[in-house]
Amino acid sequence: MKNRVIASGLFAAVFTAAVQTQAAATVDFSNLVERVSPGVVSVNVVKKMTQEEILQQQVPELLKRFFGNQIIIPQRQAPQEKTGFGSAFFISRDGYLITNHHVVENASQITIMLNDRREIDAKVIGSDERTDVALLKVEGANYPALSTGNIDQLRVGEPVLAIGSPFGFEYSASAGIVSAKSRNMLGETSVPFIQTDVALNPGNSGGPLFNQQGQVIGVNSRIFSGTGGYMGLSFSIPIDVAMDVADQLKKNGKVTRSYLGIHLQEIDRNLAEAYKLPKPEGALITEIAPNSPAERAGLKQNDIILKYNGTAISRTSELLNYLNRTQPNQKIQLEILRDERVRTITATLASAPDETPAQAQNVSEAKKRGPTLGVAIRELAPVEKTRLGVKGGVYIQEVVRGGLAAQSRIMAGDVITSINGKNVSTTQDFVEAVANLKTNTVARVGIIREGRNAMIGLRIK
1082 MKNRVIASGL FAAVFTAAVQ TQAAATVDFS NLVERVSPGV VSVNVVKKMT QEEILQQQVP
1142 ELLKRFFGNQ IIIPQRQAPQ EKTGFGSAFF ISRDGYLITN HHVVENASQI TIMLNDRREI
1202 DAKVIGSDER TDVALLKVEG ANYPALSTGN IDQLRVGEPV LAIGSPFGFE YSASAGIVSA
1262 KSRNMLGETS VPFIQTDVAL NPGNSGGPLF NQQGQVIGVN SRIFSGTGGY MGLSFSIPID
1322 VAMDVADQLK KNGKVTRSYL GIHLQEIDRN LAEAYKLPKP EGALITEIAP NSPAERAGLK
1382 QNDIILKYNG TAISRTSELL NYLNRTQPNQ KIQLEILRDE RVRTITATLA SAPDETPAQA
1442 QNVSEAKKRG PTLGVAIREL APVEKTRLGV KGGVYIQEVV RGGLAAQSRI MAGDVITSIN
1502 GKNVSTTQDF VEAVANLKTN TVARVGIIRE GRNAMIGLRI K
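Residue numbers (the numbering used here): 1082 to 1542.
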């Protein structure tokens, strides 16, 4: 079975210590668990099931192997709901909490349960898919907010503690050590994960990761597993990343990121020797977007970025993390290697294309109308627009099996450029066009697939 990254599901909160590693066995966390437990809550959610989830339940595995996306669920079927569990923790005394985006995604009802067994309805203030961070709010005051630690002071090998309810076993605590910092996974660039050997299983998502001082230093998010369960590789979102996202969601309802306009490549041993570097370090620029901040600043293809605002860059993930943490319109100083000479370049960052916009609770009226196509979308980045020779478009990230898009042969990787003759340049254009689609009609959808223009007939049922 192939190894895979799994969002670590559903997570509640109280606490029987269960130390997992010999390194952590010498640390007594009992007083810490007793002190911080009131700030952790269980999250119960009710979600509408997707077409794919209904299909998984209703269709025998043998049929799915033979027919895959061709199996259609009758549209007359009433929507089904499922319940889920997760965890969250208070970051302020007036009722703001942090959890994972995937815990509350598509939730129609959210209830938190405090460790004194009180249950309170919660609402989503905002949710950011790229970082897997969501901000919740409950009514009331004088909640036990947890303190946060300094991620820069966290050391590899340091004992840490997680609190949650793996597999529904409420109020469990598990301990381990920090295995690594600044991990990027499967091409993700927004989160430099903390890797630990803490036992996280389905049921742990959204809960806090504590240092020995009882400060939150991470938000438990996912595991790397070949079985679906714990295998010694657990990953948490650094608390500084989570708090930055939460602050932006609270103030603006969305997350704004900076944009430099470069594509990067890791420096390996051979490239280090070719560029006469003493060791593999820095980030190699392989592509620069036209009219981007990078081009205006004078950066060039094949430049190697060695330092960002005076801080040495060992690998591309570090540079991407610094860029993600810097707000638009700020000036940055880059030390680069070009033609065997070190130079300093100053650039002013712009706002990033809204690739995966934060999902605020207040959805526009356009999003409430029209059919559900069963696709995940994002806008094209400037580099992609240049490559395709278009001014805009909507990239299909994912197509739900059995959905309307899948039934009409729309595929992940397609770029939608028009619907019924109207240009689709942004996600808002897409939403508005879909809102106008009528049932029992076929819409003309212009796409780019593998660099070629094509037209799809999208049947709306």
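Idealized CB from N, CA, C, for every residue including glycine.
Quick check on the DSSP output: what are the complete beta strand (DSSP E) runs of length 3 or more inside the stretch 1327-1359, in order along the chain?
1343-1347
Under a three-way DSSP split, which group does Ile1206 fall into?
Reduced to three states, the DSSP call for Ile1206 is strand.
Compute the Euclidean distance between the alpha carbons of Ile1275 and Ala1375, then round it to the nearest angstrom.
One C-alpha to the other measures close to 30 Å.
Going by DSSP in three states, Ser1111 sits in which element: helix, strand or coil?
helix
Report the residue from Ala1280, Val1322, Val1241 whose alpha carbon sits nearest the alpha carbon of Asn1292.
Val1241
For Ile1528, collect the residues of the same chain with a Cβ closer than 8 Å to its Cβ; drop the 5 residues on either side in sequence, then sort them by chain order.
Ile1491, Asp1495, Val1496, Ile1497, Thr1498, Asn1534, Ala1535, Met1536, Ile1537
Mind checking Val1237: buried by the 16 CB within 10 Å criterion, or exposed?
exposed
Grab me the residues of Glu1368's own chain with a C-beta within less than 8 Å of its C-beta, minus the 5 sequence neighbours each way, in chain order.
Ile1343, His1344, Gln1382, Val1464
Kindly indicate which three-state DSSP category Gly1473 falls into: helix, strand or coil?
coil
In whole angstroms, what separates the C-alpha of Pro1289 from that of Leu1430?
32 Å
Any alpha helix (DSSP H) of 4 or more consecutive residues that is wholly inside the stretch 1350-1420
1350-1355, 1374-1378, 1397-1406
Gly1295 vs Leu1178 beta-carbon contact at 8 Å:
no
Quick check: what's the CA-CA separation for Asp1197 versus Ser1506?
51 Å
From the DSSP output, which residues share a beta bridge with Leu1178?
Phe1171, Leu1217
Give the straight-line distance between the Cα atoms of Val1326 and Thr1337, rounded to the nearest whole angstrom.
Distance between the alpha carbons of Val1326 and Thr1337: 9 Å.
Using DSSP with H/G/I as helix, E/B as strand and the rest coil, what is Ile1232?
helix
My assumption, with CB atoms under 8 Å, is that Phe1171 sits in contact with Leu1216. Please give the rounded CB distance.
That pair is no contact at about 12 Å.
By the three-class DSSP mapping on this structure, what secondary structure does Met1536 have?
strand
Taking all protein chains shown into account, decide if Val1475 is buried (16 or more other Cβ within 10 angstroms of its Cβ) or exposed.
buried
Indicate the three-state DSSP secondary structure (helix, strand or coil) for Glu1531 in the structure shown.
coil
Got a sec, what are the start and stop residues for the beta strand (DSSP E) Phe1250 sits in?
Per DSSP, Phe1250 belongs to no beta strand (DSSP E) and is neither H nor E.
Rounded to whole angstroms, what is the Cα-Cα separation between Gly1207 and Val1481?
24 Å
For Glu1186, three-class secondary structure by DSSP
coil
Once DSSP output is grouped into helix, strand and coil, what is the label at Glu1465?
helix
Confirm, please, whether the CB-CB distance from Gly1299 to Thr1180 is below 8 Å.
no
C-alpha distance - Ala1393 paired with Val1526, whole-angstrom precision
47 Å
How big is the Cα-Cα spacing for Val1185 and Glu1354?
Going by the C-alpha atoms only, they are around 48 Å apart.
State the Cα-Cα distance for the pair Ile1201 and Tyr1403, rounded to the nearest angstrom.
For Ile1201 and Tyr1403, the distance between alpha carbons rounds to 37 Å.
Would you tell me roughly how many angstroms separate the C-alpha atoms of Leu1281 and Tyr1389, rounded to the nearest one?
34 Å
Neighbour-count burial assignment, Ala1261, 16 or more Cβ in a 10 Å radius:
That one is exposed.
Compute the Euclidean distance between the alpha carbons of Thr1453 and Gly1484, then round it to the nearest angstrom.
Rounded to the nearest angstrom, the two C-alpha atoms are 8 Å apart.
Lys1129 and Asn1223: beta carbons closer than 8 Å?
Pairing Lys1129 with Asn1223 gives a Cβ-Cβ distance that is not under 8 Å.
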